[in-house]
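One structure is given below, encoded as structure tokens.
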Amino acid sequence: MARFANAKGPYLRMTDSPSYGTGAIQRDFLIGLLPVILFAFYKNGVQVYLDGNIAFLEMFYPLVFILTGGLMSTLLEALYFVITDKSVRTMKALGKKLAVSYAAIPGLLLAMIMPLYTPVWVLIFGCIAGTLVAKMLFGGFGYNIFNPALIGYIAVAFTLYGVIQNAGGALNASEVLIDAAGGATPLGALVEGEGLTYAALVAPYGNLLDFFVGTIPGALAETSALAILISYVWLVARKVIKWFVPVVFVGTVFVLSWFIGLIAGAEGLWFPLYSILSGGLMFGAVFMATEPVTTPRNPLGKIVFALFLGVFTVLFRFVGDFAEGVATAIVFMNIFTMPIDNWTAIIRSELGGKEVFVKGAPKVKKPVSKALIKGIILAVLILLIALYGVLKAGGMFTASGWIMPLFGRLF
Amino acid sequence: MKNIIAKHGLAAGIVILFALVFVFGGVYSRYMTAQIEARANDGANAEWLAMYDGATRVEEFNIADIAQKAYPLADGRGDFTPSILAAYKLYATDADTAVGVIYVVESYGKFAGVQIAFAFDLATDTVVAVKVIAQAETPSYYGNLDSVFFAQFDDMPLDDIGLSVDAVAGATYSSKSFEIALLFAREQYAADFGFVIPSIVMTLNSVTYNVDPATFVAMPFIADVTYGEDDTNVVVYLDSAFEYAGLVSGVEPAADVKAAIKSFAASAGTVSANVRFIEYDDESRELVIEAVGYGSLTIRVTATLNAALDGIDTYEVDSHQSYDNEYNEGYNHTLGEVPYVEENMIDQYLADEITIDGVAGASVTSAAMQKLIALLDLFLLEIGGGD
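Chains as they are written, first to last, in our numbering: chain A, 1 to 411; chain B, 1001 to 1387.
What follows is the structure in structure tokens.
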């Protein structure tokens, strides 16, 4: 029997109802992480065990590592609450507080984007930087400006990367025996100057289907586009994330990488596919760029934010020294979340509404509004950064110039 | 006590839990790191063992100190001083006597960073395997190093006085990197295992191009050497691979001397196999010379000599160069279509320029043309006294 609302609006959507509050979103988000966690366990634990390269108990290390990240960030947050807030110095109160503060998620996400053989003390250092510095010192859940997991990741990557490499790095016990990979992840091969060729960037790891499935070297849980897509569908269906944010983000990187490939002589679709299927782009697009607190709230703002993420990821990834541009791009754009939210809200309200025409009244030409100027500024900024990133990156991968090859191949 | 527990128990519990995770997590990750290091070592060792049939154990060892040595790069691009990155002894059983040795050598091809491992058999003093550990060469050129190239290393004797590596067309720089690495690995091998590198007292007086139209195709070079205790002088023809091809004057030397001549002439750097005479027709006075330019593509110049044979009446260029591939940005559109560079440089020569300038934006083509013009000039000088 159909149910109708009898009262006047506004109505609460299911996602806004008390039964679907922060706790429920957190639950759905954790369920969304499961396919990716399970694949990480399969690829770095079960499969390696089946290959005969690790013992039975060693098989569980990927799971233990990820759970350790979640546990550590929860403990850190709990400790912070207990020290700073007298009202939560009981188990019950603390439990209630932690249940709605996404306490485990920064640590879980951080562990998932770290190399498998990251020492636990390094993971804890990342959790401290992410949970305590980037989240709790800003006021806790809902007040943080930066994505906590990514702040932890960047803190580790910029200070202790060598320690991780010395401890074993990203390659699991099966991958470390594969000579073709030369000890590098697919994105690492790009940074090592292997050149933009299929033979150098894709072939050593199999083919693009392997990239999609995720059986390639990389950080613990970010290699499988397939698993991430399953998570994506779940999160969209549960309305935890907006469907278009990852699509715009990944799509922007795809298109810009395609242009870079054209300039550098890597024609065809293999290079843009390689670009979106390697590194942490898919993971970042689904789990990080959609984070509710540190990204814009209105839909147009989210799209603009995702566009900027795409162009900055390309810029940082291909022009910078650090192969993984996703984390840097997201954290950098977190700074601009509020202005983007404000500007796009103005643009939506002034330009998005329908014009009302009164019959017989003279048609008045609308003056160029501030909203339009803001829109143009944002569009020009995105285009300029994208253009610079593409031309700069394309020029880096070819010994020759870039204009004529690009135009020659395009037209 | 109760008060203390009630007041600080939760915080203490969290800290204890934190410490436990820290300790046990740390132990677990430390254990896993030890495991992956062992696996990585196993993997590396397996690679070394695969280079010597029957080897069951590999052990890194400290090499003897030897003097640094510079080797000329291909095409006179200067010298490179190789170094030994690692050395391993191979054992066939658990016995203490090694059966083979591996040297990983840092060499230089088109670019730096070529790392090549050579496995030598200690009983026979031969090369038993070669493996490229790392390289950053241009893929399209490096790819020309095929199985035939690598096959030449099979059982290659180290006591060959003219130890050298036959280059592959289209990958001459990369080929040279193998020769440099092999020669230096042999030096190290000699120092580590008492191997005596064969040598011969020899002075290379000159190595020049053969300008005799009757023989210059098959025997493009002439070497003049003095060797032995009694300063025996011999002038010989060499083929394009610097192998002995015939006698000009003196007594035909023994095989070890021929090998030494090859080694000396190839490393002299004064002549290049990348430029050569193709043919000369006495009646029409047409001389054809070919040079290898950018991308291993050829430039062929057909010059018609004047009646006095001391200059050129006309010339034609058949070039496969592509300046666009080299420096693009519409090079052709600003300076002219191929063979603009080739004709520009020949015109400089015909205008009696003392120095033939290259053309900016086409340095590889220009270098090839400079060699080609020098050869043309040499021919005119010999045949007609031209200047």
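For each residue, glycine too, the CB sits at the ideal point set by N, CA and C.
From a predicted model like this one, the values you see are computed outputs, not experimental measurements.
Between residue i and residue j, what straight-line distance do the alpha-carbon atoms span, to the nearest angstrom?
{"i": "residue 341 of chain A", "j": "residue 41 of chain A", "result": "38 Å"}
{"i": "residue 226 of chain A", "j": "residue 210 of chain A", "result": "10 Å"}
{"i": "residue 1143 of chain B", "j": "residue 1171 of chain B", "result": "8 Å"}
{"i": "residue 1378 of chain B", "j": "residue 1211 of chain B", "result": "8 Å"}
{"i": "residue 1101 of chain B", "j": "residue 1356 of chain B", "result": "50 Å"}
{"i": "residue 1287 of chain B", "j": "residue 1302 of chain B", "result": "6 Å"}
{"i": "residue 240 of chain A", "j": "residue 172 of chain A", "result": "32 Å"}
{"i": "residue 336 of chain A", "j": "residue 1030 of chain B", "result": "40 Å"}
{"i": "residue 1193 of chain B", "j": "residue 1174 of chain B", "result": "28 Å"}
{"i": "residue 116 of chain A", "j": "residue 160 of chain A", "result": "14 Å"}
{"i": "residue 200 of chain A", "j": "residue 1128 of chain B", "result": "28 Å"}
{"i": "residue 1245 of chain B", "j": "residue 1089 of chain B", "result": "40 Å"}
{"i": "residue 245 of chain A", "j": "residue 279 of chain A", "result": "18 Å"}
{"i": "residue 1073 of chain B", "j": "residue 1270 of chain B", "result": "12 Å"}
{"i": "residue 1016 of chain B", "j": "residue 68 of chain A", "result": "15 Å"}
{"i": "residue 1281 of chain B", "j": "residue 319 of chain A", "result": "57 Å"}
{"i": "residue 264 of chain A", "j": "residue 250 of chain A", "result": "21 Å"}
{"i": "residue 32 of chain A", "j": "residue 235 of chain A", "result": "6 Å"}
{"i": "residue 110 of chain A", "j": "residue 268 of chain A", "result": "34 Å"}
Can you look up residue i in the DSSP assignment and give me helix, strand or coil?
{"i": "residue 1355 of chain B", "result": "coil"}
{"i": "residue 103 of chain A", "result": "coil"}
{"i": "residue 1003 of chain B", "result": "helix"}
{"i": "residue 146 of chain A", "result": "coil"}
{"i": "residue 1013 of chain B", "result": "helix"}
{"i": "residue 198 of chain A", "result": "helix"}
{"i": "residue 996 of chain B", "result": "Not covered by the structure: residue 996 of chain B. The range shown for chain B is 1001 to 1387."}
{"i": "residue 1300 of chain B", "result": "strand"}
{"i": "residue 1100 of chain B", "result": "strand"}
{"i": "residue 240 of chain A", "result": "coil"}
{"i": "residue 250 of chain A", "result": "helix"}
{"i": "residue 1312 of chain B", "result": "strand"}
What span of residues does the beta strand (DSSP E) with residue i cover, start to end?
{"i": "residue 1286 of chain B", "result": "1286-1292"}
{"i": "residue 1276 of chain B", "result": "1275-1281"}
{"i": "residue 1202 of chain B", "result": "1202-1209"}
{"i": "residue 85 of chain A", "result": "That residue, residue 85 of chain A, is in no beta strand (DSSP E); it is neither H nor E in DSSP."}
{"i": "residue 1116 of chain B", "result": "1112-1121"}
{"i": "residue 1236 of chain B", "result": "1232-1238"}
{"i": "residue 1057 of chain B", "result": "1057-1060"}
{"i": "residue 113 of chain A", "result": "Premise fails: residue 113 of chain A is in no beta strand (DSSP E) and is neither H nor E."}
How would you label residue i, buried or exposed, when you count the other beta carbons within 10 angstroms and need 16 or more for buried?
{"i": "residue 26 of chain A", "result": "buried"}
{"i": "residue 1241 of chain B", "result": "exposed"}
{"i": "residue 81 of chain A", "result": "buried"}
{"i": "residue 1135 of chain B", "result": "buried"}
{"i": "residue 148 of chain A", "result": "buried"}
{"i": "residue 334 of chain A", "result": "buried"}
{"i": "residue 44 of chain A", "result": "buried"}
{"i": "residue 260 of chain A", "result": "buried"}
{"i": "residue 1247 of chain B", "result": "exposed"}
{"i": "residue 91 of chain A", "result": "exposed"}
{"i": "residue 309 of chain A", "result": "buried"}
{"i": "residue 1389 of chain B", "result": "One cannot answer for residue 1389 of chain B here, as it falls past the ends of chain B, which runs 1001 to 1387."}
For the alpha helix (DSSP H) containing residue i, list its first residue and its last residue.
{"i": "residue 1322 of chain B", "result": "Taken as a continuous stretch (DSSP letters only), residue 1322 of chain B belongs to no alpha helix (DSSP H), as it is neither H nor E."}
{"i": "residue 1083 of chain B", "result": "Unbroken run through residue 1083 of chain B is the beta strand (DSSP E), 1083-1091; no alpha helix (DSSP H)."}
{"i": "residue 235 of chain A", "result": "225-237"}
{"i": "residue 301 of chain A", "result": "299-314"}
{"i": "residue 1151 of chain B", "result": "1147-1151"}
{"i": "residue 1221 of chain B", "result": "Premise fails: residue 1221 of chain B lies in the beta strand (DSSP E), 1221-1227, not in any alpha helix (DSSP H)."}
{"i": "residue 348 of chain A", "result": "337-351"}
Give a yes or no on whether 7 Å exceeds the smallest Cβ distance from residue i to chain D.
{"i": "residue 1036 of chain B", "result": "The chain labelled as chain D is not found among the protein chains of the depicted structure, namely A and B."}
Closer than 6 Å: is that where the CB of residue i sits relative to any heavy atom of the ligand GDP?
{"i": "residue 123 of chain A", "result": "Inclusion of the ligand GDP in the displayed structure is not the case, the ligand content being empty and no account of it being possible."}
Legend entry - Within 7 Å of chain B by C-beta, residues of the segment 58-77 of chain A in sequence order: 58, 61, 64, 68, 71, 72, 75
Legend entry - Under 7 Å (Cβ pairs) to chain B, residues found in the segment 118-131 of chain A: 119, 120, 121, 124
Inset, instruction - Could you please tell me which residues of the segment 80-92 of chain A, in chain order, have their CB closer than 8 Å to any CB of chain B? - result: 82, 83, 89, 90, 91
Legend entry - chain B contacts from the segment 197-209 of chain A (Cβ-Cβ distance under 9 Å): 197, 199, 200
Legend entry - Against chain A: residues of the segment 1181-1202 of chain B by CB proximity under 7 Å: none
Inset, instruction - Using a Cβ-Cβ cut-off of less than 9 Å, give me the residues of the segment 244-272 of chain A that come near chain B, in sequence order. - result: none
Inset, instruction - Below 7 Å between beta carbons is the criterion; list the residues of the segment 34-50 of chain A that meet it against any residue of chain B, in chain order. - result: none
Inset, instruction - Scan the segment 94-105 of chain A for residues whose Cβ lies nearer than 8 Å to a Cβ of chain B and list them as they occur along the chain. - result: 94
Legend entry - chain B contacts from the segment 151-174 of chain A (Cβ-Cβ distance under 7 Å): 167, 168, 173
Legend entry - Members of the segment 1036-1053 of chain B that neighbour chain A once the beta carbon cut-off is set at 8 Å: 1036, 1037, 1039, 1040, 1042, 1043, 1046, 1047
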